[in-house]
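Those sequence lines, one after another, are chains A and B.
Take the first sequence: its letters are residues 12 to 155, numbered as in the working numbering.
Take the second sequence: its letters are residues 12 to 155, numbered as in the working numbering.
We put the CB at the ideal spot given by N, CA and C, even for glycine.
Keep in mind it's a predicted model, so treat the numbers as computed, not measured.
Number of protein chains: 2
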Amino acid sequence: MGYSIGQVSKKMGLTAHTLRYYEKEGLLPFVKKNGAGLRVFSDNDLGWLELIECLKGTGMTLKGIKQYIDWFQEGDSTLKQRLEMFKEQKVKLKEQMARLEKYMERIDYKIAYYNEVIAHGEKGIWDRNPGLKAARERIYGKRG
Amino acid sequence: MGYSIGQVSKKMGLTAHTLRYYEKEGLLPFVKKNGAGLRVFSDNDLGWLELIECLKGTGMTLKGIKQYIDWFQEGDSTLKQRLEMFKEQKVKLKEQMARLEKYMERIDYKIAYYNEVIAHGEKGIWDRNPGLKAARERIYGKRG
DNA sequence: ATAAACTTTAGAGTTAACTCGAGGTCAACT
DNA sequence: AGTTGACCTCGAGTTAACTCTAAAGTTTAT
Numbered sequence: 012m013g014y015s016i017g018q019v020s021k022k023m024g025l026t027a028h029t030l031r032y033y034e035k036e037g038l039l040p041f042v043k044k045n046g047a048g049l050r051v052f053s054d055n056d057l058g059w060l061e062l063i064e065c066l067k068g069t070g071m072t073l074k075g076i077k078q079y080i081d082w083f084q085e086g087d088s089t090l091k092q093r094l095e096m097f098k099e100q101k102v103k104l105k106e107q108m109a110r111l112e113k114y115m116e117r118i119d120y121k122i123a124y125y126n127e128v129i130a131h132g133e134k135g136i137w138d139r140n141p142g143l144k145a146a147r148e149r150i151y152g153k154r155g
Numbered sequence: 012m013g014y015s016i017g018q019v020s021k022k023m024g025l026t027a028h029t030l031r032y033y034e035k036e037g038l039l040p041f042v043k044k045n046g047a048g049l050r051v052f053s054d055n056d057l058g059w060l061e062l063i064e065c066l067k068g069t070g071m072t073l074k075g076i077k078q079y080i081d082w083f084q085e086g087d088s089t090l091k092q093r094l095e096m097f098k099e100q101k102v103k104l105k106e107q108m109a110r111l112e113k114y115m116e117r118i119d120y121k122i123a124y125y126n127e128v129i130a131h132g133e134k135g136i137w138d139r140n141p142g143l144k145a146a147r148e149r150i151y152g153k154r155g
């Protein structure tokens with residue numbers, strides 16, 4: 012029910028330093044301290060950390076995340092802003108996913124290319140492997 | 012056949028400053044200069060910039076990208092390293108894509124949640140909308 | 001009871017990746 | 001001839017997000 016900073020550090024894959032830094036930046040306004048001044052994280056705090064991970068992982072800055080947390084703390088008057096923020100984040104995320112698909116194609120091509128060159132040398136590679144040639148042209152256009 | 016730094020800047024969405032910075036860091040070893048000392052980018056250079064974008068976009072640092080370019084310039088003796096690098100990058104990219112799918116679920120949930128709260132208030136939300144409740148439990152587990 | 005392990009704060013330092021500014025060259029218009 | 005605009009180099013400055021240190025207090029294990 013209550014976790015030390017070290018336990019949370021392990022669970023979330025963040026250093027204790029980073030957790031304190033996040034708190035200092037206003038990202039963890041709900042974390043309590045016990046009588047001795049040690050932080051005690053609740054399950055709810057872990058939920059916030061997962062949300063922070065999600066937003067950070069989809070390209071939001073800590074400042075943007077803090078904005079959301081501030082809105083949350085302001086209460087119901089900011090519901091629309093918060094919804095809007097997630098909608099924007101979803102658009103960005105979809106773009107990002109599309110970009111990664113493209114990158115994956117390019118990397119797959121590179122892997123196929125290097126496999127081919129390592130196996131049979133560079134000479135005559137396009138005649139030998141028309142599929143690779145097609146992939147190359149799909150990705151790079153005429154040039155390369 | 013030859014592009015100025017300004018043209019490349021527009022084409023690639025990078026500032027001229029950034030392009031010069033990349034060159035200084037050893038990421039564009041093939042860019043030529045004309046008699047007046049102005050950079051002249053070729054189509055091949057644009058290809059390199061696209062690869063840089065791809066590797067950067069899949070989480071590689073500029074230092075890592077430079078490593079690849081150095082290997083490339085060393086010639087055939089580094090073919091295996093280069094293949095290995097792309098294979099590793101592919102693994103990371105797959106992980107990243109899986110992470111983004113998770114994040115998308117969470118964001119979709121948040122959007123559904125805020126839509127519901129804005130439309131009908133927070134009271135009785137779980138009874139009113141069992142699908143939302145199920146989504147919530149799928150994403151957050153027991154807590155929230 | 002005492003050592004080892006963990007946590008605290010405040011503040012300084014680091015890293016990656018830009019980002020900018022000053023001062024200068026050069027070609028093209030007016 | 002002068003102005004405009006794009007380009008050059010060099011070096012300094014900025015930003016985000018950590019990352020670390022020191023000195024002190026707390027908890028846990030023997």
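Return helix, strand or coil for A:Lys-134, following the three-state DSSP convention.
Taking the first residue of the first sequence as position 1, residue 134 of chain A is located at position 123. Three-state DSSP puts A:Lys-134 in coil, outside helix and strand.
Can you tell me whether B:Gln-107 is buried or exposed? The criterion is at least 16 other CB atoms within 10 Å of its CB, across all chains shown.
Residue 107 of chain B sits at position 96 when you count from the first residue of the second sequence. The C-beta of B:Gln-107 has 16 or more other C-beta atoms within 10 Å across all chains shown, which makes the residue buried.
Listed in chain order, which residues of the segment 91-118 of chain B have Cβ atoms closer than 7 Å to some Cβ of chain A?
Lys-91, Arg-93, Leu-94, Phe-97, Lys-98, Gln-100, Lys-101, Leu-104, Gln-107, Met-108, Arg-110, Leu-111, Tyr-114, Met-115, Arg-117, Ile-118
Using the rule of at least 16 other Cβ atoms within 10 Å of the residue's Cβ for burial, across every protein chain shown, is B:Asp-56 buried or exposed?
Translated into positions along the second sequence, residue 56 of chain B becomes position 45. Answer is buried; the Cβ neighbour count reaches 16.
On the DSSP letters alone, give me the boundaries of the alpha helix (DSSP H) that A:Asn-140 sits inside.
Residue numbering aside, residue 140 of chain A sits at position 129 when the first sequence is read from its first letter. Neither: A:Asn-140 is in no alpha helix (DSSP H) and is coded neither H nor E.
Does the beta carbon of A:Gly-142 come closer than 8 Å to any beta carbon on chain B?
In the first sequence, residue 142 of chain A corresponds to position 131, counting from 1. It does not; no Cβ of chain B falls within 8 Å.
Tell whether a beta-carbon distance below 8 Å holds between B:Gly-13 and B:Val-42.
On the second sequence, position 2 is the one that residue 13 of chain B refers to. On the second sequence, position 31 is the one that residue 42 of chain B refers to. At a Cβ-Cβ threshold of 8 Å, B:Gly-13 and B:Val-42 do not count as neighbours.
Answer with yes or no whether the minimum CB distance from B:Ile-122 to chain A is below 8 Å.
Along the second sequence, read from residue 1 onward, the residue named residue 122 of chain B stands at position 111. Taking Cβ atoms only, chain A reaches closer than 8 Å to B:Ile-122, which makes this a yes.
Going by alpha carbons, who is nearest to B:Arg-117 out of A:Met-23, A:Cys-65, A:Val-102, A:Lys-21?
The residue you call residue 117 of chain B lines up with position 106 of the second sequence. If we check each option's Cα against that of B:Arg-117, A:Cys-65 comes out closest.
Given a cut-off of 8 Å on the beta-carbon distance, is the pair B:Gly-135 and B:Lys-103 in contact?
Start at 1 with the first residue of the second sequence, and residue 135 of chain B comes out as number 124. Start at 1 with the first residue of the second sequence, and residue 103 of chain B comes out as number 92. Contact flag unset, no.
Tell me whether A:Lys-105, by its Cβ, gets closer than 7 Å to a heavy atom of the ligand HEM.
Looking at this structure, you won't find the ligand HEM or any other ligand, since it has none at all.
If the criterion is Cβ atoms closer than 8 Å, does the pair B:Lys-101 and A:Ile-122 meet it?
Walking along the second sequence from the start, residue 101 of chain B turns up at place 90. Walking along the first sequence from the start, residue 122 of chain A turns up at place 111. For B:Lys-101 and A:Ile-122, yes; Cβs fall inside 8 Å.
For A:Leu-49, count neighbouring Cβ atoms within 10 angstroms of its own Cβ and tell me buried if that reaches 16, exposed if not.
For this step, residue 49 of chain A is matched to residue 38 along the first sequence. With fewer than 16 other Cβ atoms within 10 Å, it is exposed.
Whose C-beta lies closer than 8 Å to the C-beta of A:Gly-155 among residues of the same chain, with five residues either side of it excluded?
Reading the first sequence from its first residue, position 144 is the one you call residue 155 of chain A. Bear in mind that the predicted position of A:Gly-155 carries a pLDDT of just 45, short of 50, making it unreliable; the figure below should be weighed with that in mind. Hits under 8 Å: Arg-147.
Chain-ordered residues of the segment 58-69 of chain B with a beta carbon less than 9 Å from chain A:
Gly-58, Glu-61, Leu-62, Glu-64, Cys-65, Leu-66, Gly-68, Thr-69
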